[in-house]
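Participant: Residue numbers (my numbering): 56 to 335.
Just so it is clear, CB atoms sit at the ideal spot from N, CA and C, and this is done for glycine as well.
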Ligand code: NAP
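(1) Can you tell me whether DSSP reads residue 76 as helix, strand or coil?
(2) Do residue 182 and residue 306 come within 8 Å of each other at the CB atom, strictly closer than that value?
(3) Which residue or residues does DSSP assign as beta-bridge partners of residue 103?
(4) From which residue to which residue does the alpha helix (DSSP H) around residue 322 run?
(5) What residue from 58, 86, 295 and 245 has the CA that sits closest to residue 231's CA?
(6) Helix, strand or coil for residue 141, going by three-state DSSP, please let me know.
(7) What first and last residue would you give for the beta strand (DSSP E) that runs through residue 216?
(8) Can you list, in chain order, the residues of its chain with a C-beta nearer than 6 Å to that of residue 341? Leave out the 5 residues immediately preceding and following it.
(9) Tell me whether residue 83 is buried or exposed, calling it buried when 16 or more other Cβ atoms sit within 10 Å of its Cβ.
(10) Round the Cβ separation of residue 133 and residue 160 to the nearest angstrom and send it over; I've been treating them as touching at under 8 Å.
(11) When burial is assigned at 16 or more other CB atoms within 10 Å of the CB, is residue 286 buried or exposed?
(12) Report back the beta-carbon spacing between residue 141 and residue 205 to the nearest angstrom; my notes put them in contact at under 8 Å.
(13) If you drop the 5 nearest sequence neighbours on each side, which residues of the same chain put their C-beta closer than 7 Å to that of residue 203?
(14) Which residue or residues does DSSP assign as beta-bridge partners of residue 191?
(15) Under 8 Å between the Cβ atoms of residue 70 and residue 90?
(16) At a cut-off of 7 Å, is residue 87 close to ligand 1 when judged by its beta-carbon and the heavy atoms of the ligand?
(17) Please classify residue 278 as buried or exposed, where buried requires at least 16 other C-beta atoms within 10 Å of its C-beta.
(18) With a threshold of 16 other CB atoms inside 10 Å of the CB of residue 316, please say whether the residue is buried or exposed.
(19) Within 10 angstroms of its Cβ, does residue 298 collect 16 or more other Cβ (buried), or is it exposed?
Shown next, in the form of structure tokens:
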């Protein structure tokens with residue numbers, strides 16, 4: 056297939072590496088000339104340009120820009136496309152993207168690869184990023200089935216696990232497992248930094264080991280991504296944060312009341328519930 060990618064960063068670049076590896080012709084468009092040159096040099100694309108006209112012959116285009124630029128990119132792209140071209144995107148929040156893009160182009164299928172690293176930009180692109188990870192597609196009633204099939208087959212060829220759901224269900228779900236953890240992890244770092252004794256604070260930092268490394272990882276990531284999640288998934292994120300605060304309040308009460316039996320019950324529950332997130 057002739058595949059276009061707009062936005063040659065972590066996700067766009069990683070898609071390019073895998074799709075080229077599968078034998079597709081991959082054409083890339085990015086904002087900066089440096090990124091385009093680097094993408095060619097790294098074998099991410101067959102050709103790249105800062106100009107969207109490069110994608111005139113593409114059968115399918117993956118929009119991999121930051122969420123804020125997805126709809127405007129599609130608008131600029133449309134005059135250059137064949138009428139039966141398929142557009143899909145990789146934005147981490149789906150409702151605002153689908154609502155903005157579906158009215159612009161019939162053959163649009165919303166998507167979200169649930170995979171990533173802390174790094175960004177073309178030099179962060181790696182092959183095999185999507186393998187064994189979820190990749191969500193969020194077609195709506197008006198999405199042509201043939202377009203969904205094409206995107207599904209391509210995603211499947213990346214060895215990702217394909218899931219289908221409504222855009223709002225997607226956003227509600229990722230608020231729990233992706234966006235809430237970022238804010239909780241950030242608040243953990245922030246709370247620890249609130250230690251007022253400088254000697255103890257230094258010790259806190261020296262003693263931080265694997266447990267703190269795991270639990271602080273997503274809170275110590277790219278600030279722009281954190282803000283983007285909050286901005287585009289505000290309603291569901293606030294609900295999740297409030298629920299988390301309630302849960303923390305209950306834990307505080309159990310500890311204050313020295314209700315060790317209640318606390319043990321809580322930990323027994325969470326220990327068994329965790330396996331529901333990661334079944335063997
Ligand atoms: P990234 O590494 O920063 O890459 C985004 C790329 O988009 C940049 O390299 C930039 O290219 C390009 N870009 C920015 N504005 C553009 C514009 N107006 N036109 C064309 N290209 C533009 O970010 P990313 O992590 O790949 O994220 C991209 C998308 O994937 C986002 O929508 C995000 O929600 C989604 N996503 C991210 C993750 C994750 O974990 N990071 C996971 C799943 C989905 P230049 O270098 O040329 O400026």
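Facilitator: Straight from the coordinates:
(1) Sequence index remark: in the chain shown, residue 76 carries index 21 (1-based). The answer is helix: DSSP assigns residue 76 an H, G or I state.
(2) The residue given as residue 306 occupies position 251 in the chain shown. The residue given as residue 182 occupies position 127 in the chain shown. Not closer than 8 Å, so no.
(3) Residue 103 sits at position 48 when you count from the first residue of the chain shown. Residue 103 pairs with 83.
(4) For this step, residue 322 is matched to residue 267 along the chain shown. That run of the alpha helix (DSSP H) goes 315-329.
(5) Here residue 231 corresponds to residue number 176 of the chain shown, with the count starting at 1. Comparing alpha-carbon positions, the option among 58, 86, 295 and 245 lying closest to residue 231 turns out to be 295.
(6) Along the chain shown, one-based indexing puts residue 141 at 86. The answer is strand: DSSP assigns residue 141 an E or B state.
(7) In the chain shown, residue 216 corresponds to position 161, counting from 1. Following the DSSP letters along the chain, one finds residue 216 inside the beta strand (DSSP E) bounded by residues 216-219.
(8) No information on residue 341 is available, as it lies outside the stretch 56 to 335 that the chain covers here.
(9) The count along the chain shown starts at 1 and reaches residue 83 at position 28. By the 10 Å Cβ count, residue 83 comes out buried.
(10) In the chain shown, the residue the question calls residue 133 occupies position 78. In the chain shown, the residue the question calls residue 160 occupies position 105. In this structure, residue 133 and residue 160 form a Cβ contact; the two beta carbons are roughly 6 Å apart against a cut-off of 8 Å.
(11) For the purposes of this step, residue 286 is taken as residue 231 along the chain shown, with counting starting at 1. Looking at its Cβ environment, which holds fewer than 16 other Cβ atoms inside 10 Å, residue 286 is exposed.
(12) Within the chain shown, residue 141 is the residue found at index 86, counting from 1. Within the chain shown, residue 205 is the residue found at index 150, counting from 1. Between residue 141 and residue 205 a beta carbon distance of about 6 Å is seen, short of the 8 Å cut, so the two are scored as contacting.
(13) Position 148 of the chain shown holds residue 203. Counting only Cβ-Cβ distances below 7 Å, and skipping sequence neighbours, we find 164, 192 and 194.
(14) Within the chain shown, the letter at position 136 stands for residue 191. Beta-bridge partners of residue 191 (DSSP): 167 and 218.
(15) For the purposes of this step, residue 70 is identified with residue 15 of the chain shown, where counting begins at 1. For the purposes of this step, residue 90 is identified with residue 35 of the chain shown, where counting begins at 1. Their beta carbons are not under 8 Å apart, which means residue 70 does not touch residue 90 by this criterion.
(16) What you label residue 87 is simply residue 32 of the chain shown in a count that begins at 1. Yes, the beta carbon of residue 87 sits closer than 7 Å to at least one heavy atom of ligand 1.
(17) Stepping through the chain shown from its first residue, residue 278 is reached at position 223. Exposed, because fewer than 16 other Cβ atoms sit within 10 Å of the Cβ of residue 278.
(18) In the chain shown, the residue the question calls residue 316 occupies position 261. Exposed is the call here.
(19) To locate residue 298, count along the chain shown from 1; it is residue 243. Taking all protein chains in view, the Cβ of residue 298 is surrounded by fewer than 16 other Cβ atoms within 10 Å, so the residue is classified as exposed.
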